[in-house]
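Just so you know, the sequences run in chain order A and B.
With our numbering, letter number 476 in the first sequence gets 481, and the count goes up by one each step, no holes.
With our numbering, letter number 94 in the second sequence gets 117, and the count goes up by one each step, no holes.
For each residue, glycine too, the CB sits at the ideal point set by N, CA and C.
What follows is one structure encoded as structure tokens, with my remarks underneath.
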Amino acid sequence: MADILECIDLSSADVRSAPIPERAVGLMEWVAAAEALGRDTVELMGLWASRRGVHMALRRPGTGRLGLLTYPTDSSFPSVGRHHAAAQRPERAIRDIYGFVAEGAPDLRPWLDHGRLGVHHPPGTATPVMEMPAYDFLPAEGESLHQVPVGPIHAGIIEPGHFRFTAQGETVVRLEERLGYAHKGIGSLLRGAPIARGTMLAGRTSGDSTVAYAWAFSQAVEAAHGMTVPDRALWLRGLMAELERLANHLGDIGAICNDAAFAMMHAHCGVLRERVLRAADAVFGHRLMQDMIRPGGVARDLRADGAALVSDLLGDIRARFGALVRLYDNSPSLLDRTVGTGRLSPDLAARFAAGGFVGRASGRAFDARRGLPYGPYDRLAFDVPCRSDGDVNARIWIRIEEVRQSLALVEQILDSLPAGPVFADLPEGGSGAMGLGLVEGFRGDILAWIEIGPEGTIAEGYLRDPSWFQWPLLEAAIEGNIIADFPLCNKSFNCSYSGHDL
Amino acid sequence: MRRLLLEGLLRGPLGEPLAREEAAERDALGSKLVRATRHVLGRSLSIREVDAGSCNGCELEINALSNAFYDLERFGLRFVASPRHADVLLVTGPVTRNMAEALQRAYDATPAPKWVVAAGDCAIDGGCFAGSYAVQGGVSAVMHVDLKIPGCPPRPSALLRGLVELMEGRSND
Ligand code: SF4
Chain A
6 MADILECIDL SSADVRSAPI PERAVGLMEW VAAAEALGRD TVELMGLWAS
56 RRGVHMALRR PGTGRLGLLT YPTDSSFPSV GRHHAAAQRP ERAIRDIYGF
106 VAEGAPDLRP WLDHGRLGVH HPPGTATPVM EMPAYDFLPA EGESLHQVPV
156 GPIHAGIIEP GHFRFTAQGE TVVRLEERLG YAHKGIGSLL RGAPIARGTM
206 LAGRTSGDST VAYAWAFSQA VEAAHGMTVP DRALWLRGLM AELERLANHL
256 GDIGAICNDA AFAMMHAHCG VLRERVLRAA DAVFGHRLMQ DMIRPGGVAR
306 DLRADGAALV SDLLGDIRAR FGALVRLYDN SPSLLDRTVG TGRLSPDLAA
356 RFAAGGFVGR ASGRAFDARR GLPYGPYDRL AFDVPCRSDG DVNARIWIRI
406 EEVRQSLALV EQILDSLPAG PVFADLPEGG SGAMGLGLVE GFRGDILAWI
456 EIGPEGTIAE GYLRDPSWFQ WPLLEAAIEG NIIADFPLCN KSFNCSYSGH
506 DL
Chain B
24 MRRLLLEGLL RGPLGEPLAR EEAAERDALG SKLVRATRHV LGRSLSIREV
74 DAGSCNGCEL EINALSNAFY DLERFGLRFV ASPRHADVLL VTGPVTRNMA
124 EALQRAYDAT PAPKWVVAAG DCAIDGGCFA GSYAVQGGVS AVMHVDLKIP
174 GCPPRPSALL RGLVELMEGR SND
């Protein structure tokens, strides 16, 4: 048996430029990989199923190398979750959707299947639905404990999900999440879909990250074809992705403060966010820049005065953002709510390989733009901010720093935008080739995996939202906090429901 | 903070750097809306938003209605936390099977008279998720819909305009 670490040997250039080799492994190697995950010598980047079996994407933190293991099966596989907690929900989802059972798994409860789909394992064995017992929430017993169920519909305008709090007085002793309400069956819709439709679905997996998703999906298709994308297209993708990051971070900074009843930040940040969206609309013709990135390049070039418009936007944000940061930093009543609240330990962030501001506020510095570089970021200068205090305040500061970095990145992109075409036709053929994409969205790294099918289709695809490895950590971060601080903690994580529920 | 507050006072309402047309359209929309809502419900209309499994793109634009540019509360429109306080259910998403019951319960909890607005292509007919085993395929698959606002996602200005149309339709009754 080869040392499992040797199977994780793909450099960023390998993953980015060529089909990803399938490494089918047997029981021993699969279990060895699960144990390596349990020892934290490797990180889990994704765990999903296809008709080929179960796939596991792994990363070695020290070397930055990636590997993709496949355990061929049509019924069961050895549980990874029994060694590595972050694998438990993905395993439950695999069982719900495909019917592949994780043997020895510590948690066999359904996850995305709420017993309402009409069938079990829809794209798998598709067995008719049986009466499903009520969901078994984890017990919480003790004197003077009470439970507060919240959702799936929440008080604000947010996505659906259920939270079950067990509290002692005001203090949360356990939060249990129940997700899956936004499950749309994207995996089965991707099966056999023409590439263009696949791109469209990818861009609607989590609307706030539509650019990053379309990019990750496109990367996967381009890698499977081993094709090169024109430089100008890469630069424009970078421009869109940074505008998306700016819009989301600005919105989040305001919304987190709003959940601490500090409406002024919300109002001012909301104005800046709207300005970003309007600039995106003017330049690319869509406020969220949906459907702009597609395999081969981008759908449209910058309009003639586009660079000037974006540059005005930069000036506008720079003129106002500094005062807002000072307002945040000089408002003790606000800091009183954010400092020390919802603390996530660096240890847990590392174990779950949490990406984005959740990871980077808790000492895990990984950023796909740096850790597994892709164009144009391999030719741009930027910093990846990282802290280790891990509270709501830290997650706000990471966003603040990233806003500054994005402003600088957009400026560099405008200054050095190469001329040339923005699209190259996809080569034909390639059926059976697999490709991996990894893009840093505003909330963390999005992983896309596809297998090319016949005649310009994709055989199968999978999109892994960063939230898979952040949602479970919210349960840990809220422990010992008061229920009233939950909205604040939740917003500071801002996990995607739709991206997770697929 | 004092400087920001003072600036806010002196600067007045937000300018419209992008397009006068859009500003003009919004003001026109605004005054129509004021007349219409007064006719039906006095001065205000309370909206309960329900995400029935959207991709969250629609929510982003619905949230934008509260920013200083659209500021929907000027028109007597406001979002409420409970369906029991609502006149309108503003529904997004293809209505996933996992959300159908929650949506129905929110509807049942809303006192009459009530209206249902399907916002976004998904809410209208399932959008690009139509045909999946996991979705009902739009709001009208599960309840009567009074108004459909297309778009993926609908622009905030389209959402505002849509609400006006709803109110005007009602006021003709
Ligand atoms: S209409 Fe578009 S933006 Fe709205 S939920 Fe559907 S896919 Fe998302």
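>> Please list, in chain order, the chain B residues whose beta carbon lies closer than 7 Å to that of M205(A).
In response: The contacting residues are C151.
> What does Y130(B) reach in chain A if we use C-beta pairs closer than 9 Å?
Replying inline: Think of a sphere of 9 Å around the beta carbon of Y130(B): no beta carbon from chain A falls inside it, the nearest being about 11 Å out.
> Within the 8 Å Cβ cut-off, does S472(A) reach chain B?
Replying inline: False, the Cβ-Cβ gap to chain B never drops below 8 Å.
> What does E82(B) touch in chain A if you count any residue whose Cβ is under 8 Å from its own?
Replying inline: For the C-beta of E82(B), the chain A residues within less than 8 Å are, from N- to C-terminus, I162, I163, E164 and G212.
> Using a threshold of 7 Å, is the CB atom of G212(A) nearer than that to any non-hydrogen atom of the ligand SF4?
Replying inline: Yes - the ligand SF4 has a heavy atom lying nearer than 7 Å to the Cβ of G212(A).
> Under 7 Å from any heavy atom of the ligand SF4, does the C-beta of D144(B) make it?
Replying inline: Indeed, a heavy atom of the ligand SF4 lies less than 7 Å from the Cβ.
> If you drop the 5 nearest sequence neighbours on each side, which residues of the same chain put their C-beta closer than 7 Å to that of L126(B)?
Replying inline: Closer than 7 Å at Cβ, skipping near neighbours: V73, A75, V114, V118 and V165.
>> Under 7 Å: does the beta carbon of R209(A) sit that close to some heavy atom of the ligand SF4?
In response: Yes, the Cβ of R209(A) comes within 7 Å of a heavy atom of the ligand SF4.
> Run through DSSP, which three-state label would L507(A) get?
Replying inline: Three-state DSSP puts L507(A) in coil, outside helix and strand.
> In terms of residue numbering, what span does the alpha helix (DSSP H) encompassing V288(A) cover?
Replying inline: Start and end: A268 to F289.
> Apart from the five residues just before and just after W240(A), which ones in its own chain have a Cβ nearer than 7 Å to its Cβ?
Replying inline: Spatial neighbours of W240(A) in its own chain (CB-CB distance under 7 Å, excluding positions within 5 residues in sequence) are listed in chain order as P381, I418, L422 and P423.
>> Among the candidates R237(A), A284(A), D450(A) and V397(A), whose CA atom is the shortest distance from the CA of A429(A)?
In response: The shortest C-alpha separation from A429(A) is found at R237(A).
> So what does L422(A) bridge to, in DSSP terms?
Replying inline: Paired residue(s): none; L422(A) is not in a bridge.
> If F20(A) sits next to L349(A), beta carbons under 8 Å apart, how far is it from one beta carbon to the other, in whole angstroms?
Replying inline: According to the sequence provided, residue 20(A) is Val. The question's Phe does not apply to it. The pair is not a contact, with the Cβ atoms about 28 Å apart (cut-off 8 Å).
> Residues in its own chain within less than 6 Å of G129(A) by CB, not counting five upstream and five downstream?
Replying inline: Correct list, in chain order: Y103 and G104.
> Are the C-beta atoms of Y186(A) and some chain B residue less than 8 Å apart?
Replying inline: It does; some Cβ of chain B falls within 8 Å.
> Can you tell me the Cα-Cα spacing of A47(B) and S180(B), whole angstroms?
Replying inline: Note that A47(B) scores a pLDDT of 47, beneath 50, so its modelled location is shaky; the value from the coordinates is reported in the next line. One C-alpha to the other measures close to 12 Å.
> Any chance the CB of G80(B) is under 7 Å from a heavy atom of the ligand SF4?
Replying inline: Remark: the shortest separation between the CB of G80(B) and any heavy atom of the ligand SF4 falls under 7 Å.
>> Please tell me whether, using a cut-off of 7 Å, the distance from the CB of S421(A) to the nearest non-hydrogen atom of the ligand SF4 is below it.
In response: No, the ligand SF4 has no heavy atom inside 7 Å of this Cβ.
> Any heavy atom of the ligand SF4 closer than 7 Å to the Cβ of T115(B)?
Replying inline: Of the heavy atoms belonging to the ligand SF4, at least one sits nearer than 7 Å to the Cβ of T115(B).
>> Along the chain, where does the alpha helix (DSSP H) containing R94(A) start, and where does it finish?
In response: Counting along the chain, the alpha helix (DSSP H) containing R94(A) begins and ends at Q93 to Y103.
>> Buried or exposed for M24(B), going by 16 or more other Cβ atoms inside 10 Å?
In response: By the neighbour-count rule (16 or more Cβ atoms within 10 Å), M24(B) is not buried but exposed.
>> Suppose contacts are defined by Cβ-Cβ distances below 8 Å. Is M294(A) in contact with A284(A) by that definition?
In response: No. Outside cutoff.
> Taking 7 Å as the cut-off, is the CB of G150(B) close to at least one heavy atom of the ligand SF4?
Replying inline: Yes, the Cβ of G150(B) comes within 7 Å of a heavy atom of the ligand SF4.
> What does T215(A) touch in chain B if you count any residue whose Cβ is under 9 Å from its own?
Replying inline: Those within 9 Å of T215(A) in chain B are C78 and G80.
> Quick one: is I25(A) near chain B, going by C-beta distance under 8 Å?
Replying inline: Cβ-Cβ to chain B under 8 Å: no for I25(A).
>> So, under 8 Å CB-CB, V111(B) and K137(B) are touching, yes? Tell me the CB distance rounded to an integer number of Å.
In response: For a cut-off of 8 Å, the C-beta gap from V111(B) to K137(B) is around 7 Å, short enough to register as a contact.
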